[in-house]
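**Student:**
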Amino acid sequence: MSAARRFVVNIDGGSSGNPGPSASAVVIRTEDDGTAVHEQGYYLGRTTNNVAEYYALVIALEELLILRAESAVVRSDSELLVKQMMGEYRVKNPALKFLHARAKRLASAIERFEIVHVPREENKDADRLAGVAIREAKKLAPPDTGDE
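Oh and the sequence shown: position 140 is 196 in the working numbering, straight run, nothing missing.
(1) How about T103: is its Cβ closer than 6 angstroms to a heavy atom in the ligand SAH?
(2) For A79, which of helix, strand or coil comes out of DSSP?
(3) Spatial neighbours of P163 within its chain, please: CB distance less than 7 angstroms, with the 5 preceding and 5 following residues excluded, ordered by chain position.
(4) Under the DSSP definition of a beta bridge, which residues are partnered with Y110?
(5) Quickly, what does DSSP pair S132 with across the bridge? List them, please.
(6) DSSP puts E87 in a beta bridge; with which residues?
(7) Would you mind giving the Cβ-Cβ distance between D133 and V188, rounded to the nearest angstrom? I have them listed as a contact below 8 angstroms.
(8) Pair every Cβ in the region 111 to 127 with every Cβ in the region 149 to 165, then say whether three or more of these pairs are closer than 8 angstroms.
(9) Is it the case that the Cβ atoms of I67 and L113 are separated by a distance below 7 angstroms?
(10) Of all the options R85, V65, I84 and E109, which has the alpha carbon lying nearest to the alpha carbon of S71?
(11) Are L100 and A79 close, meaning C-beta to C-beta below 7 angstroms?
(12) Taking just the CA atoms, how far does V172 sit from N179?
(13) Given Y145, which residues of its chain have a CB within under 6 angstroms of its CB, disregarding the five upstream and five downstream residues?
(14) Can you list, in chain order, the residues of its chain whose CB lies under 8 angstroms from that of N74, leaving out five sequence neighbours each side?
(15) For Q96, which beta-bridge partners are listed by DSSP?
So this is what it looks like as structure tokens:
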């Protein structure tokens with residue numbers, strides 16, 4: 057397995073309110089020297105924190121497949137997401153069931169896939185990108201006039 061096809065990934069999802077304006081973020085680094093090959097926040101609109109966490113995972117897995125990853129360790133500070141992906145918790149929420157099934161399908165295409173729970177302080181880059189995406193989207197949003 058070539059070192060160029062092995063990655064360490066940090067993901068995060070966040071919501072300003074729950075539900076509220078939400079974003080996902082993905083940071084993909086090469087395993088050998090930690091070079092960032094993908095760093096991006098994605099504004100999702102109004103949704104929940106858990107949906108944003110799952111979107112981060114799905115986006116990361118799609119990017120890993122584009123990179124033709126052979127091995128990936130995904131690091132998330134969402135204990136719920138990690139335990140659901142590992143089969144330790146059931147997925148009850150209908151909105152998460154679809155995203156969970158998609159993530160499982162994508163992950164199965166990677167020869168060596170691992171997902172691990174990390175403390176929030178070990179996930180700062182992804183957390184920062186998600187926060188930036190939410191703040192930038194709020195700046196662009198039209199003012200709430202209360203007309204509805």
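C-beta atoms are modelled at their ideal positions from N, C-alpha and C, and glycine is treated no differently.
**Tutor:** By the coordinates alone:
(1) Among the ligands in the structure shown, none appear at all, so the ligand SAH cannot be discussed.
(2) If DSSP states are grouped into helix, strand and coil, A79 belongs with the strands.
(3) Going by the sequence as given, residue 163 is Ala instead of Pro. Excluding residues up to 5 positions away in sequence, L117 and F169 lie with their Cβ nearer than 7 angstroms to the Cβ of A163 in the same chain.
(4) Per DSSP, Y110 has no beta-bridge partner at all.
(5) In the DSSP output, where bridge partners are listed per residue, S132 has I67 and H173.
(6) Under DSSP, no beta-bridge partner is assigned to E87.
(7) The beta-carbon separation of D133 and V188, rounded to 17 angstroms, does not stay under the 8 angstroms limit for a contact.
(8) By the Cβ test, the region 111 to 127 is in contact with the region 149 to 165, since at least three Cβ pairs between them sit closer than 8 angstroms.
(9) Result yes, Cβ atoms of I67 and L113 sit closer than 7 angstroms.
(10) Considering only alpha carbons, the answer is E109.
(11) Yes.
(12) Rounded to the nearest angstrom, the two C-alpha atoms are 12 angstroms apart.
(13) Apart from sequence neighbours up to five positions away, the residues of its chain that approach Y145 with a beta-carbon distance below 6 angstroms are K139, ordered along the chain.
(14) T104 and N105, listed in sequence order.
(15) The beta-bridge partner set that DSSP reports for Q96 consists of V82.
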